[in-house]
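Visitor: Here the protein sequences come in this chain order: A and B.
Take the first sequence: its letter number 168 is residue 171 in my numbering, and every next letter is one higher.
Take the second sequence: its letter number 314 is residue 378 in my numbering, and every next letter is one higher.
Think of the CB as a built atom: it goes at the ideal place given N, C-alpha and C, for glycine as much as any other residue.
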Amino acid sequence: MYGKADAVSLTLFLIQCLNGLQYGTLLFLIAAGLTLVFGVMGFINLAHGVQYMVGAYLVFAFQQLTGNFFVAVVLSLVAALLLGLLLEYFVFRHLYGRDHLDQVLATFGIIIFLNELAKVIFGPGTLSIEPPEVLSGSVQLTEQLRYPVYRFVTILAGLAVAVLLYITVTRTRVGMLIRAGATTPEMVSALGVNIQRLFMIVFGVGAMLAGFAGVIAAPIFAIEPGMGDNILIIAFVVIIIGGVGSIRGAFLGALMVGLFDTVGRTLLTEGLEVVFPPSFSNQVGPALASMLIYILMAAVLVVRPQGLLPAKGAH
Amino acid sequence: MRMDRSLLVMALVFVLLLAAPFVLPPLGQSYLLSLLIKAMLLAIAAISLDLLVGQGGMISLGHAAFVAIGAYTAAIGLESGIENILVLLLLALLVSGLCALVTGALALRTTGVYFLMITLAFGQMIYFTLTSLAPYGGDDGLTLWSLATFFGSDVVQGSGQLYLIILLTLLASWWGVQRLSNARFGRVLRAARDNPDRTEIMGFSIFRFRLTAYVIAGMIAAVSGLLTMQHAEFVSPAMAAWQRSGDLLVIVVLGGLGTRNGALLGALFLVIVEEVLGSFLHEWRLIYGPLLVLMALHAKGGLSHLLFPANRTEKAGVTRVNGEQA
Numbered sequence: 004m005y006g007k008a009d010a011v012s013l014t015l016f017l018i019q020c021l022n023g024l025q026y027g028t029l030l031f032l033i034a035a036g037l038t039l040v041f042g043v044m045g046f047i048n049l050a051h052g053v054q055y056m057v058g059a060y061l062v063f064a065f066q067q068l069t070g071n072f073f074v075a076v077v078l079s080l081v082a083a084l085l086l087g088l089l090l091e092y093f094v095f096r097h098l099y100g101r102d103h104l105d106q107v108l109a110t111f112g113i114i115i116f117l118n119e120l121a122k123v124i125f126g127p128g129t130l131s132i133e134p135p136e137v138l139s140g141s142v143q144l145t146e147q148l149r150y151p152v153y154r155f156v157t158i159l160a161g162l163a164v165a166v167l168l169y170i171t172v173t174r175t176r177v178g179m180l181i182r183a184g185a186t187t188p189e190m191v192s193a194l195g196v197n198i199q200r201l202f203m204i205v206f207g208v209g210a211m212l213a214g215f216a217g218v219i220a221a222p223i224f225a226i227e228p229g230m231g232d233n234i235l236i237i238a239f240v241v242i243i244i245g246g247v248g249s250i251r252g253a254f255l256g257a258l259m260v261g262l263f264d265t266v267g268r269t270l271l272t273e274g275l276e277v278v279f280p281p282s283f284s285n286q287v288g289p290a291l292a293s294m295l296i297y298i299l300m301a302a303v304l305v306v307r308p309q310g311l312l313p314a315k316g317a318h
Numbered sequence: 065m066r067m068d069r070s071l072l073v074m075a076l077v078f079v080l081l082l083a084a085p086f087v088l089p090p091l092g093q094s095y096l097l098s099l100l101i102k103a104m105l106l107a108i109a110a111i112s113l114d115l116l117v118g119q120g121g122m123i124s125l126g127h128a129a130f131v132a133i134g135a136y137t138a139a140i141g142l143e144s145g146i147e148n149i150l151v152l153l154l155l156a157l158l159v160s161g162l163c164a165l166v167t168g169a170l171a172l173r174t175t176g177v178y179f180l181m182i183t184l185a186f187g188q189m190i191y192f193t194l195t196s197l198a199p200y201g202g203d204d205g206l207t208l209w210s211l212a213t214f215f216g217s218d219v220v221q222g223s224g225q226l227y228l229i230i231l232l233t234l235l236a237s238w239w240g241v242q243r244l245s246n247a248r249f250g251r252v253l254r255a256a257r258d259n260p261d262r263t264e265i266m267g268f269s270i271f272r273f274r275l276t277a278y279v280i281a282g283m284i285a286a287v288s289g290l291l292t293m294q295h296a297e298f299v300s301p302a303m304a305a306w307q308r309s310g311d312l313l314v315i316v317v318l319g320g321l322g323t324r325n326g327a328l329l330g331a332l333f334l335v336i337v338e339e340v341l342g343s344f345l346h347e348w349r350l351i352y353g354p355l356l357v358l359m360a361l362h363a364k365g366g367l368s369h370l371l372f373p374a375n376r377t378e379k380a381g382v383t384r385v386n387g388e389q390a
């Protein structure tokens, strides 16, 4: 009996770890764009979360239209990129050199607009889509542990993007310019690099990454107006933990936050039940669990206010 | 003379606000009174935020959390049988002050946009903590069946009296922040905003001044929360939602950063815009959002400067963020 209960909780723990990993890779996709845009342009984009929401709605709409998930994914990515470029052209471009407050105000306005627009077009309720047929099964990992294929694929996709991004930033010419632009934008500009175009590329990539996160999250989470707001704040926590402007930092921070949030929640509730009476742990557990990642953030701030892996010479 | 002009504006607004409860109800416009109350409560919180943003260059995006802390502390106090409004006020000040001290001390280890992200994160933490307070309504919030009293008397409950109390609180916080800004304290805050290194070398502990400002601002916001609770007879986690913090920031920026009347004008403006837009379009946010974008792109210096362009000495539209290298 004892052994079986043990195995069940171990299975639960493993599932939580996988969920944490999956949440972490999703967070990374969002935080990477956010941290790049801030690192290179010094631009604080609150509307980054709403671009995640747009990605989710786009894949929903395109799947309704085309009936094929993969076609919908490609179309959504293109549309997310276009939206990002449009926003850059009409709004963000004029705010790069400006006070952060103006940037906050403008991007806050965009959030309000897009959230309301989503509500008007798709209604205030939650929507959902099914993962594609090919990915709808689940994998038998151990005797008791089955895990959905789709979630595995999202983990792999997230990791693939992370590797791709890392190679781009460290090994290619554009990546070199991005790193140089993050440290001394004036100098890069003076050397004859079209900094405006570089900014546009970085912004477009960031918008597409956020959109991609929304796309792959759509079959897992509920699609609803305002779904990007909370995840934006978590992405900020990720960036604070990892260090602003740093892709590696965003990756480390995202995995830490993802695992801490998912696994920590379970361990905390179970742990409290062992030590305290259930009435107490039922009251305090949820409150404490929702504070976990912020406590992690506070701890990092105490030890290393600049973040765990800050970009060298960033703003 | 220029200084007198902004005082004149404040006096005019104050007289109008004072006259409103005597003039509006006979005209059948009691609804306007509740709008004014809403604007005044927002203005109190925004005035405290302007001490941070306008004077100190500390862009906080989690200020609404302190409003909610004030409201929840008072509501929980009421539920536990404490009825005296002065005791509740003391509790609200104490709890919000402590929260501000802890989160402020952590957030102020960084500057600039970091500070913004961290205040946003702590605000969200408080939001989620409030939603998980199951005994006090959790997600749905808490309707109060009894309200605070003044030593057993219901003088602080009627909407007429409450209107006056809120107006007086508004005046007091306006005056208090004004005094602080003009005092040495405010000058050090501004100096730290404009040139942190020099200020530090002159022997001022920037951290201490900023933290003090953060705690004071949090406590004033909590007073606004307590009054909101007493007026609405209801508290909910939505008070701490980050969009409310965004609204406060919008008020401060639109009104005119660091100006005497910016927060007050901004609050009145926001409530009016919401009401007017909302009256002819249910989806008024579709207009409000782009309006904010346009304001950010084109309206530098806020309402105070659009309305009273002569007030140039009041340094508005400050473009530096605390301690950040350009």
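1) For T207 (chain B), list the residues DSSP reports as bridge partners.
2) Just how far apart, CA to CA, sit L82 (chain B) and L235 (chain B)?
3) Which residues, in chain order, does the segment 176 to 192 of chain B contribute to contact with chain A at a C-beta distance below 8 Å?
4) Evaluate contact between the segment 173 to 190 of chain B and the segment 280 to 294 of chain B, counting only Cβ atoms and requiring at least three cross-stretch pairs below 8 Å.
5) List, from N- to C-terminal side, the beta strand (DSSP E) runs of 3 residues or more that fit wholly inside the segment 101 to 176 of chain A.
6) Would you kindly work out how many angstroms separate the C-alpha atoms of L262 (chain A) and L291 (chain A), rounded to a whole number?
7) Return the CA-CA distance between A327 (chain B) and A286 (chain B), expressed in angstroms with no decimal places.
8) Taking the alpha carbon of G209 (chain A) as the reference point, which residue from A:C20, A:L17, A:F46 has its own alpha carbon closest?
9) In terms of residue numbering, what span does the alpha helix (DSSP H) encompassing I219 (chain A) cover?
10) Under the assumption that F186 (chain B) contacts G126 (chain B) (Cβ atoms under 8 Å), give the Cβ distance between them as a whole number of angstroms.
11) At the 8 Å Cβ level, is F239 (chain A) part of the contact set with chain D, yes or no?
12) Please check if any C-beta of chain B sits within less than 8 Å of the C-beta of M4 (chain A).
13) Less than 8 Å between the beta carbons of G207 (chain A) and L311 (chain A), yes or no?
14) Tell me whether the segment 15 to 32 of chain A and the segment 261 to 275 of chain A touch, counting them as touching only if at least three CB pairs, one residue from each stretch, are closer than 8 Å.
15) When the Cβ atoms of the segment 195 to 215 of chain B are set against those of the segment 295 to 314 of chain A, are three or more pairs found closer than 8 Å?
16) Of all Cβ atoms in chain B, is any one closer than 8 Å to the Cβ of M124 (chain A)?
17) Using CA coordinates, which residue listed in A:L98, A:G126, A:G112, A:Q106 is at the minimum distance from A64 (chain A)?
18) What residue range is occupied by the uninterrupted alpha helix (DSSP H) comprising G228 (chain A)?
19) What is the rounded straight-line gap between the Cα of G202 (chain B) and the Cα of S293 (chain A)?
20) Does A317 (chain A) get closer than 8 Å to chain B when you measure Cβ to Cβ?
21) Is A253 (chain A) closer than 8 Å to V43 (chain A) when the C-beta atoms are compared?
22) Evaluate the contact criterion for the segment 222 to 231 of chain A versus the segment 47 to 61 of chain A: three or more CB pairs, one atom per stretch, below 8 Å.
23) Buried or exposed: where does D105 (chain A) fall if 16 or more other Cβ atoms within 10 Å of its Cβ makes it buried?
24) If the cut is a Cβ gap below 8 Å, which residues of chain A does W306 (chain B) touch?
25) Look at the alpha carbon of S94 (chain B) and the alpha carbon of L211 (chain B), and state the distance between them as a whole number of angstroms.
26) When we look at the beta-carbon of L170 (chain B) and count the other beta-carbons within 10 Å, is it buried (16 or more) or exposed?
27) Taking three-plus beta-carbon pairs below 8 Å as touching, is the segment 208 to 228 of chain A in contact with the segment 154 to 162 of chain A?
28) Name, please, each residue of chain A whose Cβ falls closer than 8 Å to the Cβ of L197 (chain B).
29) Identify which residue in B:A302, B:H346, B:V357, B:R69 has its Cα closest to the Cα of I190 (chain B).
30) Which of the three DSSP states, helix, strand or coil, is assigned to A380 (chain B)?
31) Which of the three DSSP states is assigned to N71 (chain A) in this structure?
32) Write down every uninterrupted run of the alpha helix (DSSP H) in the segment 110 to 152 of chain B whose length is 4 residues or greater and which is fully enclosed by it, in chain order.
33) Once DSSP output is grouped into helix, strand and coil, what is the label at T213 (chain B)?
34) Please classify I101 (chain B) as buried or exposed, where buried requires at least 16 neighbouring CB atoms within 10 angstroms.
35) Quick check on A75 (chain B): buried or exposed, where buried means 16 or more other Cβ atoms within 10 Å of its Cβ?
36) Which of the residues in the segment 323 to 356 of chain B, read from start to end, lie with their CB under 8 Å from any CB of chain A?
Guide: The relevant details are as follows:
1) As a position in the second sequence, residue 207 (chain B) is number 143, starting the count at 1. Answer by DSSP bridge pairing, in chain order: B:F298.
2) Stepping through the second sequence from its first residue, residue 82 (chain B) is reached at position 18. Stepping through the second sequence from its first residue, residue 235 (chain B) is reached at position 171. The alpha-carbon atoms of L82 (chain B) and L235 (chain B) are separated by roughly 11 Å.
3) G176, V177, Y178, L180, M181, I182, L184, A185, F186, Q188, M189, F192
4) no
5) 141 to 143, 149 to 151
6) To locate residue 262 (chain A), count along the first sequence from 1; it is residue 259. To locate residue 291 (chain A), count along the first sequence from 1; it is residue 288. Approximately 16 Å, taken between the alpha carbons.
7) Here residue 327 (chain B) is taken as the residue at index 263 of the second sequence, counted from 1. Here residue 286 (chain B) is taken as the residue at index 222 of the second sequence, counted from 1. Going from the Cα of A327 (chain B) to the Cα of A286 (chain B) covers about 17 Å.
8) Counted from its first residue, the first sequence places residue 209 (chain A) at position 206. Per the Cα distances, A:F46.
9) Here residue 219 (chain A) refers to the residue found at position 216 when the first sequence is read from its first residue. Segment 198 to 220, the alpha helix (DSSP H) holding I219 (chain A).
10) The residue given as residue 186 (chain B) occupies position 122 in the second sequence. The residue given as residue 126 (chain B) occupies position 62 in the second sequence. About 5 Å separates the two Cβ atoms, so the contact holds.
11) No chain D appears in the structure shown, which is made up of the protein chains A and B.
12) Start at 1 with the first residue of the first sequence, and residue 4 (chain A) comes out as number 1. The predicted position of M4 (chain A) is uncertain, since its pLDDT is 42 and thus under 50; a value taken from the coordinates is nonetheless stated next. For M4 (chain A), the answer is no, since every Cβ of chain B falls outside 8 Å of its Cβ.
13) As a working mapping, residue 207 (chain A) is identified with position 204 in the first sequence. As a working mapping, residue 311 (chain A) is identified with position 308 in the first sequence. No.
14) yes
15) no
16) The residue you call residue 124 (chain A) lines up with position 121 of the first sequence. Note on identity: in this sequence residue 124 (chain A) is Ile, with Met being the wrong assignment. Chain B contact via Cβ: absent.
17) For the purposes of this step, residue 64 (chain A) is identified with residue 61 of the first sequence, where counting begins at 1. The shortest Cα separation from A64 (chain A) among A:L98, A:G126, A:G112, A:Q106 belongs to A:G126.
18) Your numbering for residue 228 (chain A) matches position 225 in the first sequence. Per the sequence shown, residue 228 (chain A) should be read as Pro rather than Gly. Element bounds for P228 (chain A): n/a, residue is neither H nor E.
19) Residue mapping note: residue 202 (chain B) aligns to position 138 of the second sequence, counting from 1. Residue mapping note: residue 293 (chain A) aligns to position 290 of the first sequence, counting from 1. Each residue's Cα considered, the two are about 13 Å apart.
20) By one-based count along the first sequence, residue 317 (chain A) stands at place 314. Note on A317 (chain A): pLDDT 46, under 50, position unreliable in the model; the coordinate value appears next. A317 (chain A) does not count as touching chain B.
21) Looking up residue 43 (chain A) in the first sequence gives position 40. Looking up residue 253 (chain A) in the first sequence gives position 250. Cβ distance not < 8 Å, so V43 (chain A) and A253 (chain A) don't count as in contact.
22) yes
23) The residue you call residue 105 (chain A) lines up with position 102 of the first sequence. Buried, by the Cβ-count rule.
24) Within the second sequence, residue 306 (chain B) is the residue found at index 242, counting from 1. What W306 (chain B) touches in chain A: D232, I236.
25) Taking the first residue of the second sequence as position 1, residue 94 (chain B) is located at position 30. Taking the first residue of the second sequence as position 1, residue 211 (chain B) is located at position 147. About 22 Å.
26) Within the second sequence, numbered from 1, the residue matching residue 170 (chain B) stands at position 106. Buried: at least 16 other Cβ atoms inside 10 Å.
27) yes
28) Taking the first residue of the second sequence as 1, we reach residue 197 (chain B) at position 133. Simply A290.
29) Along the second sequence, one-based indexing puts residue 190 (chain B) at 126. Ranking B:A302, B:H346, B:V357, B:R69 by Cα distance to I190 (chain B) puts B:A302 first.
30) Against the second sequence, residue 380 (chain B) aligns to sequence position 316. The predicted position of A380 (chain B) is uncertain, since its pLDDT is 41 and thus under 50; a value taken from the coordinates is nonetheless stated next. Residue state, collapsed to three classes: coil.
31) Taking the first residue of the first sequence as 1, we reach residue 71 (chain A) at position 68. Three-state result, N71 (chain A): coil.
32) 128 to 143
33) Locating residue 213 (chain B) in the second sequence gives position 149, counting from the first residue. Note: T213 (chain B) maps to strand in three-state DSSP.
34) For the purposes of this step, residue 101 (chain B) is identified with residue 37 of the second sequence, where counting begins at 1. Buried, by the Cβ-count rule.
35) Looking up residue 75 (chain B) in the second sequence gives position 11. Burial call: exposed.
36) E347, R349, L350, Y352, G353, P354, L355, L356
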